[in-house]
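Visitor:
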Amino acid sequence: MQWTLTPQSQKTKVIILVSKFDHCLNDLLYKYKIGQLNIEIPAIISNHPDLKPLADWYNIPFHHLPISKETKQQQEEKIWEIIQKTESELVILARYMQVLSPAMCKKLEGWAINIHHSLLPGFKGAKPYHQAYEKGVKTVGTTAHYINDDLDEGPIITQGIEAVDHSYYPEDLVAKWQDIESKTLSKTVKYHTERRVFLNKNRTVVFAD
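Take 27 as the starting number for the sequence shown in the numbering used here and just add one per residue.
What follows is the structure in structure tokens.
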């Protein structure tokens, strides 16, 4: 048996990757500020400049690293350099709308968390909630998982789901989903940083609340 003993006061260094959607980042930063998450955030990294004012508000270094097909490898090398320089222990993809390369996924396997809507694989591509509206879905939700080199197929940590009905328009489904997603991601980060999650091949053992 292997075991570790960690002081409860020890904070986990976390790097957050984000694109333009701010709901998950907002929730994580607020819970970090009020002490609900026992973390340090040495850097926020984005492929867009839009959320720099939010990072500045919390006095967290913001790195704008644009990406294109031609510069993908160099951009990921810069991300990896920041992760190593800050000695971060967890990477959170808080609606980072880029597919990481297999090489990057391999480096981060088991210590990077991603989140996406749980309508997959039924509604892929752009505007999944508009597709869901057309099909008359009755539940919406989200899945948080560790990343690996199999897109959106990593070991599941937590999931959130809520019922909806015919009165929900696409924008209502999106609002509901964003709320569930924010709560689920922060809960997942809490479980990971409190050492409640254990990997068992492609499954997880989670000691939840």
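Backbone N, C-alpha and C fix where the C-beta goes; we use that ideal spot for every residue, glycine too.
Based on DSSP bridge pairs, tell me the residues matched to V223.
Guide: On the sequence shown, residue 223 is found 197 positions in, with the first residue counted as 1. According to DSSP, V223 bridges with V232.
Visitor: Taking the alpha helix (DSSP H) that P68 falls in, what are its first and last residues?
Guide: Reading the sequence shown from its first residue, position 42 is the one you call residue 68. Not the alpha helix (DSSP H): P68 falls in the beta strand (DSSP E), residues 65–72.
Visitor: I'd like to know if the region 126–141 and the region 60–73 are in contact, where contact means that at least 3 CB-CB pairs between them fall below 8 Å.
Guide: no
Visitor: Count Cβ pairs between the region 163–171 and the region 117–124 that sit closer than 8 Å; are there 3 or more?
Guide: As far as the Cβ criterion goes, the region 163–171 does not touch the region 117–124, which means the pair count is below three.
Visitor: Once you ignore the five residues that flank P128 on each side, which residues in its own chain have a CB closer than 8 Å to its CB?
Guide: In the sequence shown, the residue the question calls residue 128 occupies position 102. Excluding five sequence positions before and after P128, the CB atoms of its chain that fall closer than 8 Å to its own CB belong to D175, given in chain order.
Visitor: Quick one: complete alpha helix (DSSP H) runs, 4+ long, within the region 71–138?
Guide: 78–83, 98–111, 128–134
Visitor: How long is the line joining the alpha carbons of D82 and I118, rounded to whole angstroms?
Guide: Taking the sequence shown and counting its residues from 1, one reaches residue 82 at position 56. Taking the sequence shown and counting its residues from 1, one reaches residue 118 at position 92. Between D82 and I118, the C-alpha separation is close to 19 Å.
Visitor: DSSP state of I206, grouped into three classes?
Guide: Residue 206 sits at position 180 when you count from the first residue of the sequence shown. Note: I206 maps to helix in three-state DSSP.
Visitor: For L43, write down the residues that DSSP places opposite it in a beta bridge.
Guide: By one-based count along the sequence shown, residue 43 stands at place 17. DSSP, once it has assigned bridges, lists I71, L119 as partnering L43.
Visitor: Pairs of beta-carbons, one from the region 179–194 and one from the region 206–224, closer than 8 Å: are there three or more?
Guide: yes
Visitor: To the nearest angstrom, report how far apart I206 and L199 are at their CA atoms.
Guide: The sequence position of residue 206 within the sequence shown is 180, counting from 1. The sequence position of residue 199 within the sequence shown is 173, counting from 1. Answer to the nearest angstrom: the Cα atoms are 11 Å apart.
Visitor: Can you say whether V231 is buried or exposed, counting buried as having 16 or more other CB atoms within 10 angstroms of its CB?
Guide: Taking the first residue of the sequence shown as 1, we reach residue 231 at position 205. Exposed: under 16 other Cβ atoms inside 10 Å.
Visitor: By the 10 Å Cβ neighbour count, where 16 or more other Cβ atoms means buried, how is Y155 classified, buried or exposed?
Guide: Along the sequence shown, one-based indexing puts residue 155 at 129. Label assigned to Y155: buried.
Visitor: Would you mind reading off the limits of the beta strand (DSSP E) that contains Q185?
Guide: Taking the first residue of the sequence shown as position 1, residue 185 is located at position 159. 182–189 is the extent of the beta strand (DSSP E) around Q185.
Visitor: Would you mind sorting A158 into buried or exposed? The rule is 16 or more other CB atoms within 10 Å of its CB.
Guide: Position 132 of the sequence shown, counting from 1, holds the residue named residue 158. Buried, because 16 or more other Cβ atoms sit within 10 Å of the Cβ of A158.
Visitor: Could you check what DSSP says for Y56 in three-state terms: helix, strand or coil?
Guide: For the purposes of this step, residue 56 is taken as the residue at position 30 of the sequence shown. Note: Y56 maps to helix in three-state DSSP.
Visitor: How would you write the range of the alpha helix (DSSP H) that Y159 sits in, first residue to last?
Guide: Translated into the one-based positions of the sequence shown, residue 159 becomes position 133. Per DSSP, Y159 belongs to the alpha helix (DSSP H) from 154–161.
Visitor: Which of the three DSSP states is assigned to H218 in this structure?
Guide: Locating residue 218 in the sequence shown gives position 192, counting from the first residue. H218 falls in the helix class under three-state DSSP.
Visitor: By how many angstroms is the C-alpha of L80 removed from the C-alpha of Y56?
Guide: Along the sequence shown, read from residue 1 onward, the residue named residue 56 stands at position 30. Along the sequence shown, read from residue 1 onward, the residue named residue 80 stands at position 54. So the two alpha carbons sit approximately 11 Å from each other.
Visitor: From the DSSP output, which residues share a beta bridge with A170?
Guide: Working through the sequence shown from its first residue, we reach residue 170 at position 144. For A170, which the question treats as bridged, DSSP gives the partners I141, T184.
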